[in-house]
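All residue numbers for the sequence shown refer to my numbering, where the first residue is 578 and numbers rise by one. The next block holds one structure in the form of structure tokens; read it before the comments.
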Amino acid sequence: MAEPFLIGENMTGGYGAADILHSCTLAVEKGEIAVIVGPNGAGKSTAMKAVFGMLKLRQGTVRLAGEDITALAPQARVRKGMGFVPQTHNIFTTMTVQENLEMGAFIREDDQIAETMEQVYHLFPVLREKRWQKAGELSGGQRQQVAVGRALMTRPKVLMLDEPTAGVSPIVMDELFDRIIEIARSGISILMVEQNARQALEIAHKGYVLVQGSNRYTDTGHALLADPDVRRSFLGG
Ligand SMILES: Nc1ncnc2c1ncn2[C@@H]1O[C@H](COP(=O)(O)OP(=O)(O)OP(=O)(O)O)[C@@H](O)[C@H]1O
Ligand SMILES: [Mg+2]
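Next up, the structure:
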């Protein structure tokens, strides 16, 4: 089989002497959705940071479109087509919605930024309404839309989302998942961590269950949802 569009393969590393990730592998195909689930502290955010270049790996490689990008800094990965929405501190709260989107485009040198902003406002109409408002004044769900919108401003080929639905109501979560599906259908690969494991696996082409920094289960989203062991241990039965 051909190489996945983005793969972090056999990633081993951590923040200090002790490793958090142990030969962890995550991948996503072009235009597909891959979801990472697992208990708190399993290393999901750490694995995302590793793929984005925010963690020094002792072992393993990250490849994007067949190119080894393991040595690249996050900024350089953005230039290669990666967008990342971290779990926390993912917007500039004292700036307006529109300023947040403009900041997202800082790396671009072309003159089509307004067009991309239009696409983001089309995807998230409430952001257009609130474009002159400070992002810190928005609701949790709206803030997450700002964060995703900001990442889309670089026109990424792959979008990495760490718990995009954290702290939002079930209805807002469904809304956000619909938008994420729409983004994937436009050809952008999605690699995301989710606490709402069941709902996320429903929309996942590929699912990863991480435990203590290692891959425990890997399969299609639906296969994981149907697996009795996965259900019992990670999906609440
Ligand atoms: N900046 C850091 N410095 C040192 N250790 C860290 C740091 N960030 C995370 N860790 C440790 O790494 C381990 C994995 O944390 P991580 O945040 O990756 O887990 P997670 O799966 O994302 O958890 P959650 O579901 O709570 O977001 C934890 O033991 C945590 O204490
Ligand atoms: Mg996390």
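All C-beta atoms, glycine included, are put in the ideal place defined by N, C-alpha and C.
Can you tell me which of the three DSSP states residue i falls into?
i, result
"Tyr794", "strand"
"Thr671", "coil"
"His666", "coil"
"Leu768", "strand"
"Ala611", "strand"
"Glu676", "helix"
Along the chain, where does the beta strand (DSSP E) that runs through residue i open and close?
i, result
"Glu586", "583-590"
"His699", "Segment 690-700 is the alpha helix (DSSP H) holding His699; no beta strand (DSSP E) there."
"Gln636", "634-641"
"Leu812", "Looking at the DSSP string, Leu812 is not in any beta strand (DSSP E), and its letter there is neither H nor E."
"Leu736", "735-739"
"Asp784", "It should be noted that the sequence gives Gly, not Asp, for residue 784. Unbroken beta strand (DSSP E) run through Gly784: 783-788."
"Leu598", "598-605"
Going by DSSP, what residue range makes up the alpha helix (DSSP H) through residue i?
i, result
"Ala627", "621-629"
"Asp751", "747-762"
"Gly658", "Where Gly658 is concerned, there is no enclosing alpha helix (DSSP H), given that its DSSP letter is neither H nor E."
"Ala682", "Run containing Ala682: none; DSSP gives neither H nor E here."
"Leu649", "Element bounds for Leu649: n/a, residue is neither H nor E."
"Ala724", "717-729"
"Glu714", "It is not in any alpha helix (DSSP H) - Glu714 carries neither H nor E in the DSSP assignment."
"Ala595", "Per DSSP, Ala595 belongs to no alpha helix (DSSP H) and is neither H nor E."
"Glu779", "774-779"
Go through its chain and collect everything with a Cβ distance to residue i's Cβ below 6 Å, but skip five positions before and after it.
i, result
"Leu729", "Val697"
"Ile765", "Leu736"
Report all residues from its chain with a CB closer than 8 Å to the CB of residue i; omit the five preceding and five following residues, and keep chain order.
i, result
"Ala596", "Residue 596 is actually Asp in this sequence, not Ala. Closer than 8 Å at Cβ, skipping near neighbours: Thr589, Gly590, Arg635, Gly790."
"Pro741", "Val662, Gln721, Ala724, Val725, Leu753, Ile757, Met769, Glu771"
"Asn587", "Ser600, Cys601, Thr602, Gln636, Gly637, Thr638"
"Glu759", "Leu700"
Let's test the definition: count the other Cβ atoms within 10 Å of the Cβ of residue i and tell me whether it reaches 16, buried, or not, exposed.
i, result
"Asp739", "buried"
"Ala777", "buried"
"Ile757", "buried"
"Ile684", "exposed"
"Thr670", "exposed"
"Gln719", "buried"
"Lys633", "exposed"
"Gly660", "buried"
"Gly593", "exposed"
"Ser622", "buried"
"Asn667", "buried"
Going by beta carbon distance, what residues of the same chain come within less than 7 Å of residue i, once the five residues before and after it are set aside?
i, result
"Ala650", "Gly630"
"Arg808", "Gly814"
(request) Report all residues for which the CB-ligand distance to some heavy atom of ligand 1 is below 5 Å; order them along the chain. (result) Tyr592, Ile597, Asn617, Gly618, Ala619, Gly620, Lys621, Ser622, Thr623
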